[in-house]
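S.K.: Residue numbers (our numbering): 3 to 117.
Just so it is clear, CB atoms sit at the ideal spot from N, CA and C, and this is done for glycine as well.
All values derive from a computational prediction rather than experimental measurement.
Below is one structure. I have some questions about it.
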C-alpha cells in the first residue's frame, strides 16, 4: 500500500500525530488503475456469467479471496458513502484495501495450492 502511495502522509512530533492526504509515492499508473478499479465497488457484489466462466480456470483459494474482497469492498463503499465521506476519498480507501487483497492473492500464488 505504501509502495503505491495509497497511505496517508504523516507529520508527527512527540505525542502529536497529524495525518494528511495520500502520499502519491510510487507508480502513478498503477495507482490510477487501482483507483479506476475501485469505482466498480459502487455496485452490488455479484459475478457475471462472463466473469464466472473466466474464473473457472483459477484455483479455488484465489476465487475465495476474490469473492471475499468483492463482498467486503462493496459493503465498505456503501458504509463510507452513508457516513457522508466524499466519493473520491471513499474510492481511494477502497483502492487501498483492494491492494491488500491483491497482496493476499499474490502470496497464495507464490505459496502454491498445497499451502
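1. Expressed to the nearest angstrom, what Euclidean distance is found between the alpha-carbon atoms of residue 28 and residue 59?
2. Using the Cα positions of residue 64 and residue 91, report the straight-line distance between them to the nearest angstrom.
3. Name the DSSP bridge partner or partners of residue 12?
4. With residue 75 as the anchor, note down where its alpha helix (DSSP H) starts and where it stops.
5. Over the uninterrupted alpha helix (DSSP H) stretch that includes residue 38, give me the two end residues.
6. Drop a sphere of 10 angstroms on the beta-carbon of residue 97, count the other beta-carbons inside from all chains shown, and report buried for 16 or more, exposed for fewer.
7. Thinking C-beta only, is residue 34 closer than 7 Å to residue 7?
8. Measuring CB to CB, does residue 19 end up less than 7 Å from residue 93?
9. So what does DSSP say about residue 46, is it helix, strand or coil?
10. Mapping the DSSP letters down to three states, classify residue 6 as helix, strand or coil.
11. Check each candidate in 67, 99, 103, 14 and name the one with the smallest Cα separation from residue 78.
12. Find the nearest neighbour of residue 39 within the set 104, 111, 112, judged by alpha-carbon distance.
M.R.: Quick answer:
1. Residue mapping note: residue 28 aligns to position 26 of the chain shown, counting from 1. Residue mapping note: residue 59 aligns to position 57 of the chain shown, counting from 1. Near 32 Å, if we compare the C-alpha coordinates of residue 59 and residue 28.
2. Indexing the chain shown from 1 puts residue 64 at position 62. Indexing the chain shown from 1 puts residue 91 at position 89. If I take the Cα positions, the gap works out to 28 Å.
3. In the chain shown, residue 12 corresponds to position 10, counting from 1. 21.
4. Here residue 75 refers to the residue found at position 73 when the chain shown is read from its first residue. 62 to 84 is the span of the alpha helix (DSSP H), which, as asked, contains residue 75.
5. Looking up residue 38 in the chain shown gives position 36. Here the alpha helix (DSSP H) through residue 38 covers 30 to 40.
6. Counting from one through the chain shown, the residue named residue 97 turns up at place 95. With 16 or more Cβ atoms within 10 Å of its Cβ, residue 97 is classed as buried.
7. As a working mapping, residue 7 is identified with position 5 in the chain shown. As a working mapping, residue 34 is identified with position 32 in the chain shown. No, these two residues do not count as a Cβ contact at 7 Å.
8. Residue mapping note: residue 19 aligns to position 17 of the chain shown, counting from 1. Residue mapping note: residue 93 aligns to position 91 of the chain shown, counting from 1. No, these two residues do not count as a Cβ contact at 7 Å.
9. Here residue 46 refers to the residue found at position 44 of the chain shown. Note: residue 46 maps to coil in three-state DSSP.
10. If you number the chain shown from 1, residue 6 lands on position 4. Here residue 6 sits in coil by DSSP.
11. Reading the chain shown from its first residue, position 76 is the one you call residue 78. For residue 78, the nearest C-alpha among the options comes from 99.
12. The residue given as residue 39 occupies position 37 in the chain shown. Among 104, 111, 112, the Cα nearest to that of residue 39 belongs to 104.
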